[in-house]
Amino acid sequence: MTEFNGSWTEAEVMAFLRDATVPIRLATHRPDGSLWLVTLWYRYHDGSLECATQASAHLVRFLRDESAVAFDVSTNRIPYRGIRGTGTVTVSPDDGTAVLRALVDRYLGGDESALARRLLDDDREEVCIRIDPREVYSWDYSNRMDDVDERA
């Protein structure tokens with residue numbers, strides 16, 4: 022069960038996560054206990070946040086050792102708004118690269134670019150990182166930033 026706090030309703034949080042095409046920042050621990058932060062593409066799907074990465078990535082090993090994570094999905098342009106929270110991760114094979122293909126469509130608009138073709142190469146072994154949020158805190162600085170130039 023996800024706990025929602027902050028300036029948005031649960032429906033507004035879900036709409037933001039569906040519509041925003043900014044990356045997710047995912048924080049975890051390395052085996053030595055130090056923190057590790059990565060930026061990934063995500064999609065909001067069935068109440069969870071899903072990402073894809075290569076099975077050989079250090080992140081995958083870290084997440085298999087420690088499933089508790091913190092995350093942030095927020096805009097990089099004024100007005101700043103977004104969500105942050107904590108949750109639990111499950112790592113599983115991305116059979117048929119279904120999640121990766123959905124992410125390529127979401128962020129690149131299709132598979133025609135060189136980047137998309139490289140990401141979808143048959144030689145890559147992908148995994149799905151599924152984040153089940155435990156708590157979500159939303160914020161929106163639109164009102165206090167309504168007179169600030171977007172280029173600031």
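One gets this note's numbering by counting positions in the sequence shown from 1 and adding 21 to each.
Glycine included, every Cβ here is placed at the ideal spot set by N, Cα and C.
If you're wondering where the values come from, they're calculated on a predicted model, not measured in any experiment.
- Delimiting residues of the alpha helix (DSSP H) encompassing L141: Where L141 is concerned, there is no enclosing alpha helix (DSSP H), given that its DSSP letter is neither H nor E.
- DSSP beta-bridge partners for P114? V148
- Message: Cutting at 8 Å between CB atoms, please list the residues of its own chain near L141, excluding the five before and the five after it.
- Response: T118, L121, R122, V125 and D132
- Proximity winner among L84, F37, D67 and T109, relative to V59 (alpha-carbon distances): L84
- Query: Exposed or buried, what is T42 when buried is set at 16 or more other beta-carbons lying within 10 Å of its beta-carbon?
  - Reply: T42 should be labelled exposed.
- Closest Cα partner of R102 within the set A36, A73, M22 and V112: A36
- Message: Counting beta carbon pairs with one atom in the region 73–83 and one in the region 91–110, are three or more of them shorter than 8 Å?
- Response: no
- CA nearest to the CA of D93, picked from S159, G130, A135 and R145: S159
- Message: Quick test of your reading: P154 and L70, contact by CB under 8 Å. State the CB separation rounded to the nearest angstrom.
- Response: 7 Å
- Message: I'd like to know whether the C-beta atoms of C72 and Y63 end up nearer to each other than 8 Å.
- Response: yes
- Task: Whole angstroms is fine: what's the gap from V148's alpha carbon to T30's?
- Result: 31 Å
- Task: Look at the alpha carbon of S55 and the alpha carbon of A48, and state the distance between them as a whole number of angstroms.
- Result: 11 Å
- Item | Top-ranked residue by Cα proximity to A176, from W57, S134 and N97 | Nothing in the structure corresponds to residue 176, since the chain is present only between 22 and 173.
- Task: Would you kindly check if the distance between the Cβ of E156 and the Cβ of E24 is under 8 Å?
- Result: Yes, these two residues count as a Cβ contact at 8 Å.
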